[in-house]
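Structure record follows, encoded as structure tokens.
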Amino acid sequence: MLQLTLESSFSNTLTVSELNSYVKSTLEEDFLLKRACIKGEISNCTLHKSGHVYFTLKDENSAIDCVMFKPYTKKLDFSPTEGMSVIIKGKVSLYTKTGKYQFYCNEMEKEGLGDLFIKFKKLKEKLESEGLFNEEYKQKIPKYLKNIGIITSPTGAAIRDIIKVTRNRNSSVNIIIYPAVVQGESAAKTVIAGISELNKLEKIDLIIIARGGGSMEDLWCFNNESLVRTIFESKKPVITGIGHETDFTISDFVSDLRAATPSNAAELAIYNEYELKSMINNLERMLKHKVKTEISNRSYELDILYSKIEKNSPKSKIEKQKVHVDKIRAQMNHEIKNKISYEVKRFEKSYSLLNAYNPLNVLNKGYSIIQDENEKIISSKSSLNLENDVKITLKDGIVEAHITLKE
Numbered sequence: 575m576l577q578l579t580l581e582s583s584f585s586n587t588l589t590v591s592e593l594n595s596y597v598k599s600t601l602e603e604d605f606l607l608k609r610a611c612i613k614g615e616i617s618n619c620t621l622h623k624s625g626h627v628y629f630t631l632k633d634e635n636s637a638i639d640c641v642m643f644k645p646y647t648k649k650l651d652f653s654p655t656e657g658m659s660v661i662i663k664g665k666v667s668l669y670t671k672t673g674k675y676q677f678y679c680n681e682m683e684k685e686g687l688g689d690l691f692i693k694f695k696k697l698k699e700k701l702e703s704e705g706l707f708n709e710e711y712k713q714k715i716p717k718y719l720k721n722i723g724i725i726t727s728p729t730g731a732a733i734r735d736i737i738k739v740t741r742n743r744n745s746s747v748n749i750i751i752y753p754a755v756v757q758g759e760s761a762a763k764t765v766i767a768g769i770s771e772l773n774k775l776e777k778i779d780l781i782i783i784a785r786g787g788g789s790m791e792d793l794w795c796f797n798n799e800s801l802v803r804t805i806f807e808s809k810k811p812v813i814t815g816i817g818h819e820t821d822f823t824i825s826d827f828v829s830d831l832r833a834a835t836p837s838n839a840a841e842l843a844i845y846n847e848y849e850l851k852s853m854i855n856n857l858e859r860m861l862k863h864k865v866k867t868e869i870s871n872r873s874y875e876l877d878i879l880y881s882k883i884e885k886n887s888p889k890s891k892i893e894k895q896k897v898h899v900d901k902i903r904a905q906m907n908h909e910i911k912n913k914i915s916y917e918v919k920r921f922e923k924s925y926s927l928l929n930a931y932n933p934l935n936v937l938n939k940g941y942s943i944i945q946d947e948n949e950k951i952i953s954s955k956s957s958l959n960l961e962n963d964v965k966i967t968l969k970d971g972i973v974e975a976h977i978t979l980k981e
């Protein structure tokens, strides 16, 4: 162990590391401090992803930072939570890198609920029984808003986070800040005043109550009954973004929407203008396609309907009958022509045949036909009577003659 003399001179100057190492050794070798058992109320409790638990143990007057490493937390049959009264065993030591002394816990037992947690639980149960947390009273958060009222510290990280998120998501949204105290005895009154003032502004679409993380004591003002009732009675929708994701206050239960952090409150409240524009463009394309398809379908249906109307219209029927009549007329004309042609040919054939047998044809060869007074053909000499008149038919005409006997 580092030995220190009682002499005080610059020749005995220590480095920071040497000093911290000495203090660490002194604390760890102290009989009482290396086997200490203390009780108090858990505050600022953090369950790290590594499995370690970091917390502050406090009483009415003092507090000490504590850590319980994973091998010891695995043995617990409960999870340390904010406001829990516990008895812990372990040792006091110094973290040499920061010079900060803390209690290293290796055992923990529940003693009961802390005073603040008991107050929290009683007020929550009271207000819950009155129906203040019922979903039926929750106001709908406006989807597309223009003006947001923010109740928070004007110099804290919460407002910076909200402004950053707002500008990234939608630069057209206006932020109206109501500066408030968000920790301590006067905090609840200033937040109540902020809610009242913002409710008077007609243009305000939504109110966000925001504060960064902290212990149960730091956030206690948001468990104030008057504040909780004021949030419930607000005519404007209220989003609470108080602390971190694991922090819960009664204001969170009564608000219209609880956000994990101030940044998350802004994300829930403010629509993304770029996503909205993209959505509008997609809807426009879908609408155009739908309208085009609908017009095409209706046009097709109209064509079918028009075709049916045309088909069943008197004009169409007349035209159809006219076509039918023209077809019959053409068919009849064709048949008549064929009939005439057939009859002409038949006539010509008969005429030729008849002409072939026509006795008058022999007249062309120099012959003649002799008929008596009774127009009986005389075919022999014996048929002639003397002194009779006869009619002689030649090829070019008829002559009369008188029969005489020639010696």
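Residue numbers (this note's numbering): 575 to 981. Just so you know, even glycine gets a beta-carbon here, dropped at the ideal spot from N, CA and C.
Presumed contact (8 Å Cβ cut-off) between residue i and residue j, rounded CB distance
i, j, result
"K608", "K665", "5 Å"
"T630", "A637", "5 Å"
"G817", "G788", "6 Å"
"L690", "E791", "7 Å"
"L937", "L958", "Not confirmed; about 20 Å, so no contact."
"E819", "T835", "7 Å"
"V739", "L719", "Actually they do not touch by this definition, with Cβ atoms about 14 Å apart."
"G705", "G786", "That pair is no contact at about 31 Å."
Beta-carbon spacing of residue i, residue j below 8 Å
i, j, result
"S837", "V812", "no"
"T589", "I616", "no"
"S727", "I769", "no"
"L842", "L850", "no"
"I782", "I715", "no"
"K613", "F652", "no"
"A762", "S800", "yes"
"I749", "I766", "no"
"I805", "S825", "yes"
"C619", "I661", "no"
"I736", "A833", "no"
"T670", "S595", "yes"
"S667", "E603", "no"
"F707", "G657", "no"
"V964", "I952", "yes"
"D639", "Q676", "yes"
"L793", "T823", "yes"
Residue i (DSSP reduced to helix, strand or coil)
i, result
"A833", "strand"
"S659", "strand"
"S617", "strand"
"E974", "strand"
"E776", "coil"
"Q577", "Low confidence applies here, because Q577 scores a pLDDT of 48, under 50, leaving its location unreliable and the question unanswered by this model."
"M790", "coil"
"T804", "helix"
"G723", "strand"
"L850", "helix"
"L701", "helix"
"D639", "strand"
"L561", "Missing from the structure shown is residue 561; the chain here goes from 575 to 981 and no further."
"V590", "helix"
"T670", "coil"
"V747", "coil"
"I681", "A small correction: the amino acid at residue 681 is Glu; Ile does not occupy that position in the sequence shown. Strand."
"L857", "helix"
"Q713", "coil"
"L706", "coil"
"Q945", "strand"
"D689", "helix"
"E961", "coil"
"Q676", "strand"
"I951", "strand"
"Y925", "helix"
"S760", "coil"
"F521", "Only positions 575 to 981 of the chain appear in the structure, and residue 521 is not among them; the question remains open."
"S881", "helix"
"P888", "helix"
"Y718", "coil"
"H622", "coil"
Per DSSP, cross-strand counterpart(s) of residue i
i, result
"A610", "G664"
"Y752", "I725"
"R785", "I816"
"T823", "Paired residue(s): none; T823 is not in a bridge."
"L968", "G971"
"V739", "DSSP lists no partner for V739."
"F629", "C640"
Below-8 Å beta-carbon distance, residue i vs any chain C residue
i, result
"K698", "Of the protein chains in the structure, only one exists, and it is not chain C."
Problem set entry | Segment contact, 8 Å Cβ cut-off, at least three pairs: the segment 928-946 with the segment 962-977 | yes
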